[in-house]
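Quick note: to get the working numbering, add 333 to the position in the sequence shown (first position is 1).
By construction, the Cβ of each residue, glycine as well, lies at the ideal position given by its N, Cα and C atoms.
Just so it is clear, the structure is predicted and the values come from calculations on it, not from any experiment.
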Amino acid sequence: MNENEIRKAIAGVKQGTLSRRSFIRAMAAVGITAPVASQILLWNDLAMADATLPYKPTKAGGGGPLKILLWQAPTLLNPHFAIGTKDQIASRIFFEPLAGWDKEGNLVPCLAAEVPTRQNGSLSADGMSVIWKLKQGVKWHDGKPFTADDVVFTWTYAADLATAAYTTGSYKDIKVEKIDDHTVKVLFKAPTPFWADPFVGSVGQILPKHHFGDYVGAKSREAPGNLKPVGTGPYRFIEFKPGDLIKAERNPDYHVKNQPYFDTLEVKGGGDAVSAARAVLQTGEYDYAWNMQVEEEVLKRMETSGKGVVDVTTSGNVEFIILNTTDPWTEVDGERSSVKTKHPTLSDPAVRRAFNLLIDRDSIQKFIYGRGGVATASFVNQPAQFKSSKLRYEFNIDKANKILDDAGWKRGADGIREKDGKKLKYVFQTSTNAPRQKTQAIIKQACERAGIDIEIKAVTASVFFSSDVGNPDTYSKFYADMEMYNTTQPQPDPERFLNQCVSWEIATKDNKWLGRNISRWSDPEADMAYKAAQSELDPVKRAALLIKVNEIFCEANVFVPLLSRNIVGAGINNLMVDISGWDVTTWNVASWYRNA
Numbered sequence: 334m335n336e337n338e339i340r341k342a343i344a345g346v347k348q349g350t351l352s353r354r355s356f357i358r359a360m361a362a363v364g365i366t367a368p369v370a371s372q373i374l375l376w377n378d379l380a381m382a383d384a385t386l387p388y389k390p391t392k393a394g395g396g397g398p399l400k401i402l403l404w405q406a407p408t409l410l411n412p413h414f415a416i417g418t419k420d421q422i423a424s425r426i427f428f429e430p431l432a433g434w435d436k437e438g439n440l441v442p443c444l445a446a447e448v449p450t451r452q453n454g455s456l457s458a459d460g461m462s463v464i465w466k467l468k469q470g471v472k473w474h475d476g477k478p479f480t481a482d483d484v485v486f487t488w489t490y491a492a493d494l495a496t497a498a499y500t501t502g503s504y505k506d507i508k509v510e511k512i513d514d515h516t517v518k519v520l521f522k523a524p525t526p527f528w529a530d531p532f533v534g535s536v537g538q539i540l541p542k543h544h545f546g547d548y549v550g551a552k553s554r555e556a557p558g559n560l561k562p563v564g565t566g567p568y569r570f571i572e573f574k575p576g577d578l579i580k581a582e583r584n585p586d587y588h589v590k591n592q593p594y595f596d597t598l599e600v601k602g603g604g605d606a607v608s609a610a611r612a613v614l615q616t617g618e619y620d621y622a623w624n625m626q627v628e629e630e631v632l633k634r635m636e637t638s639g640k641g642v643v644d645v646t647t648s649g650n651v652e653f654i655i656l657n658t659t660d661p662w663t664e665v666d667g668e669r670s671s672v673k674t675k676h677p678t679l680s681d682p683a684v685r686r687a688f689n690l691l692i693d694r695d696s697i698q699k700f701i702y703g704r705g706g707v708a709t710a711s712f713v714n715q716p717a718q719f720k721s722s723k724l725r726y727e728f729n730i731d732k733a734n735k736i737l738d739d740a741g742w743k744r745g746a747d748g749i750r751e752k753d754g755k756k757l758k759y760v761f762q763t764s765t766n767a768p769r770q771k772t773q774a775i776i777k778q779a780c781e782r783a784g785i786d787i788e789i790k791a792v793t794a795s796v797f798f799s800s801d802v803g804n805p806d807t808y809s810k811f812y813a814d815m816e817m818y819n820t821t822q823p824q825p826d827p828e829r830f831l832n833q834c835v836s837w838e839i840a841t842k843d844n845k846w847l848g849r850n851i852s853r854w855s856d857p858e859a860d861m862a863y864k865a866a867q868s869e870l871d872p873v874k875r876a877a878l879l880i881k882v883n884e885i886f887c888e889a890n891v892f893v894p895l896l897s898r899n900i901v902g903a904g905i906n907n908l909m910v911d912i913s914g915w916d917v918t919t920w921n922v923a924s925w926y927r928n929a
């Protein structure tokens, strides 16, 4: 289906000769997935109905406790510092955005009264502005009213570079104006096709001005609200033990009728994915466990107990390896892996190309992840419209050896390749869990056959994904030669996801290592394509620009994708949950309930 055919289909929906569902099916037939098809309709002022969980309870409360296992334990509760998914999930229990994303990629209002469209006059035709109308009568957990002042404040807070927020990229280039107490206007510097980024989803959670107003900029880390949140969400804060436990209670003034169903909420951290799966699927001690990064064989065996089921949701997440082109072992101005340095061996493109050939992705998928992922060579995999059609993966040890031979890397007496006195010896780090350690072992074994020595390093997940600027073992500091993790795509559009590839997002000491570009590598062509995509209103041309950014990093073998990851959770049999692959697990936790 070419561009003209897509436009004819859009016209058919507008004229009523083609249903929205038929449009989605037609797009799917040519490889354009539901989230992208929904976005195409939204861009053309034809919003889809949301696909959220049908909510059956007729009153709020009465559901008793809800117990969730988040085995990668949260360490803070400010969403704008939540570089790790675990902290984003925990923060979303208390704080809310103006809108979130359902599993079909539709925008669903939260603190907003409605989704902006051209039809309701909130979305400008030139892509230069959007007006958000806010819900009235919403209260913060301390009883203060939620108003436009809080939305404007959240913009100034996150946009301030001195705040060093993980969300800065979504706010620093916009302007937000208060129209009245329940209306704000977002103005963009250039035509912006994907306007639903600021104040939306995981990066869009609104902070109360009266709690954070004195903690902007350099004082941002001193705010009590970082650990004791006062939000608008369905549950109110009771207790937080960083790295261990969160306790909350039902918000009696919640702004959605008859929600939430549960009286209390407990989020328990620590342990590992296997023990978390067991606590739901075998013992039923907990109601839901997040991120079942457990071998497929083990999960299937646990499911036979009959107490719970594994829930799989398609997402844009990817399990991948970053090869460090900076030097993690030399300190410059108080930081290692500085952009002022060059890696002694991985800066050689031939070495990176050879390494990519030493990964048996098919075996990793088949024997380790199963339902949890699909082997891939692309950093962006969903929605399909944004996936590169030319990136391919191959497992070929012989070819890797030839590349290294031709590049002058010779085997020494110990079998390890070297050149100019530099050996191909690397520290390969990731978080501690069985699938990742088995993946490391598979890669290490293949590398040995190519004369590359790999030292495996496993860091406790709560440390590896921590936002603690004082910890040397966080993935954002990247004090190793290579590292592996899963990065989440928080929207059914890869623009924000791909800012991990731009030069202005490089993680450094100056931004407290909260920059989104953990690799520290950049390319002028990628920067140019990304900036062009940000203002390209034609969805087909825009997709091509974003695909180019993806290809530049993958073809340079700085990003080495392994698996297109699904969201895999475990829930007891009678728990009804609403999980979206385009938002955090708790995006709609207010709607969870037990089916009697």
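Exercise. Distance, Cα to Cα, V463 vs P716?
Worked result: 24 Å
Exercise. For T616, is the classification buried or exposed, using 16 other Cβ atoms within 10 angstroms of its Cβ as the cut-off for buried?
Worked result: exposed
For this session: Could you check the C-alpha separation between D911 and T391 for me, to the nearest Å?
Result: 18 Å
Exercise. Buried or exposed: where does W662 fall if 16 or more other Cβ atoms within 10 Å of its Cβ makes it buried?
Worked result: exposed
Problem set entry | Bridge-paired residues (DSSP) for P398 | As a beta-bridge residue in DSSP terms, P398 pairs with T597.
For this session: Could you say which of D916, A622, V922 lies nearest to P827 if we only look at CA atoms?
Result: For P827, the nearest C-alpha among the options comes from D916.
For this session: Classify K583 as buried or exposed, calling it buried when 16 or more other Cβ atoms lie within 10 Å of its own Cβ.
Result: In the sequence as displayed, the identity of residue 583 is Arg instead of Lys. Buried, by the Cβ-count rule.
For this session: Note down, in chain order, each residue of its chain lying with its Cβ closer than 6 Å to the Cβ of S799, except the 5 sequence neighbours on either side.
Result: T408, T807
Exercise. Which residue from P526, F479, A495, K472 puts its Cα closest to that of A458?
Worked result: The option with the nearest alpha carbon to A458 is P526.
Exercise. Does the beta-carbon of K466 have 16 or more other beta-carbons within 10 angstroms, so that it is buried, or is it exposed?
Worked result: Its Cβ being crowded by 16 or more others within 10 Å, K466 is buried.
Exercise. What are the boundary residues of the beta strand (DSSP E) that D739 is part of?
Worked result: That residue, D739, is in no beta strand (DSSP E); its alpha helix (DSSP H) goes 730-739.
Exercise. Where does L431 fall in DSSP's three states?
Worked result: coil
Exercise. Do you know how far the Cα of T597 is from the Cα of E630?
Worked result: 34 Å
Exercise. Alpha carbon to alpha carbon, how far is R686 from V713?
Worked result: The straight-line gap separating the alpha-carbon atoms of R686 and V713 is approximately 19 Å.
Exercise. Nearest-angstrom Cα distance between S648 and N439?
Worked result: 14 Å
For this session: Indicate the three-state DSSP secondary structure (helix, strand or coil) for W925 in the structure shown.
Result: coil
Exercise. Using CA coordinates, which residue listed in V589, E858, S696, G604 is at the minimum distance from Y726?
Worked result: S696
Problem set entry | Exposure label - I512; buried when at least 16 CB within 10 Å | I512 is exposed by the Cβ-count criterion.
Exercise. In angstroms, rounded to a whole number, what distance separates the CA positions of G914 and L560?
Worked result: One Cα belongs to G914, the other to L560, and the distance between them is close to 27 Å.
Problem set entry | Backbone CA spacing between V802 and Q626 [nearest angstrom] | 26 Å
Exercise. Do A498 and G550 have their C-beta atoms closer together than 7 Å?
Worked result: no
Exercise. Would T637 be called buried (16 or more neighbouring beta carbons within 10 Å of its own) or exposed?
Worked result: exposed
Exercise. How many angstroms separate the CA atom of T674 from the CA atom of V665?
Worked result: 8 Å
For this session: Give every residue of the same chain whose Cβ lies closer than 6 Å to the Cβ of P575, excluding the five residues on either side of it in the sequence, and list them in chain order.
Result: Excluding sequence positions up to five before and after P575, its CB lies within less than 6 Å of the CB of T408, all in the same chain and listed in chain order.
Exercise. For S535, which residues of its own chain have a beta-carbon under 6 Å away from its beta-carbon, when the five flanking residues on both sides are left out?
Worked result: Correct list, in chain order: Q421, P823, V917.
Problem set entry | Distance, K720 Cα to N899 Cα | Cα atoms of N899 and K720: separation of roughly 16 Å, rounded to the nearest angstrom.
Exercise. Is V796 helix, strand or coil by DSSP?
Worked result: helix
Exercise. Are D786 and K758 touching if we call contact CB-CB under 7 Å?
Worked result: yes
For this session: Would you give the residue range spanned by the alpha helix (DSSP H) that F688 belongs to?
Result: F688 -> alpha helix (DSSP H) spans 682-689.
For this session: Just confirm the distance between the C-beta atoms of V922 and I507, as a whole number of angstroms; I'd bet it's less than 8 Å.
Result: About 28 Å separates the two Cβ atoms, so there is no contact after all.
Problem set entry | Pairwise C-alpha distance: W473 and V563 | 7 Å
Exercise. What number of angstroms, rounded off, separates the C-alpha of I654 from the C-alpha of Y818?
Worked result: Near 7 Å, if we compare the C-alpha coordinates of Y818 and I654.
Problem set entry | Residue closest to H515, alpha-carbon to alpha-carbon, out of C887, A876, L444, A606 | L444
Problem set entry | Residues bridged to T659 [DSSP beta-bridge criterion] | None; T659 has no bridge partner.
For this session: Under 8 Å by Cβ, that's how I've got L870 and W623 pegged, so tell me the actual separation to the nearest angstrom.
Result: Not a contact, Cβ separation roughly 37 Å.
Exercise. Since N832 and G502 are thought to touch, with beta carbons under 8 Å apart, how far apart are those beta carbons, to the nearest angstrom?
Worked result: 5 Å
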